[in-house]
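Working notes for the structure below.
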Amino acid sequence: MDLTINRERHARIRYELSLRGLSLAAIAKRADVSISSVSAVSLGKSRSARVEKILAEALDSRAEALFPERYYFDGGRSA
Numbered sequence: 176m177d178l179t180i181n182r183e184r185h186a187r188i189r190y191e192l193s194l195r196g197l198s199l200a201a202i203a204k205r206a207d208v209s210i211s212s213v214s215a216v217s218l219g220k221s222r223s224a225r226v227e228k229i230l231a232e233a234l235d236s237r238a239e240a241l242f243p244e245r246y247y248f249d250g251g252r253s254a
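Under my numbering, think of the first position of the sequence shown as 176, with each following residue one higher.
Shown next, in the form of structure tokens:
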């Protein structure tokens, strides 16, 4: 599994969350995981379909749109 760190996306996610009055900590609480786990998913260091979905929903998006390299074009998850 090739996980590429994407600091630009991470910064954009943090910015978009802040516009909505949210933070990585708020997402971590919703997902019942640590802030570092949410940060790792946002950066691309790790994968979690649940955290990806919660992040996307908080940003009024879809996980497939936020993390396109992690999904096939038909919406299924890549390996």
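Beta carbons: idealized from backbone N, C-alpha and C, even for Gly.
- L194 and S212 have their C-alpha atoms spaced approximately 21 Å apart.
- If you draw a 10 Å sphere on the C-beta of I180, you find fewer than 16 other C-beta atoms in it, and that means exposed.
- The Cβ atoms of L199 and S217 lie closer than 8 Å to each other.
- In this structure E183 is exposed. Its beta-carbon is surrounded by fewer than 16 other beta-carbon atoms within 10 angstroms.
- Annotation: L241 to A231 spans about 6 Å, alpha carbon to alpha carbon.
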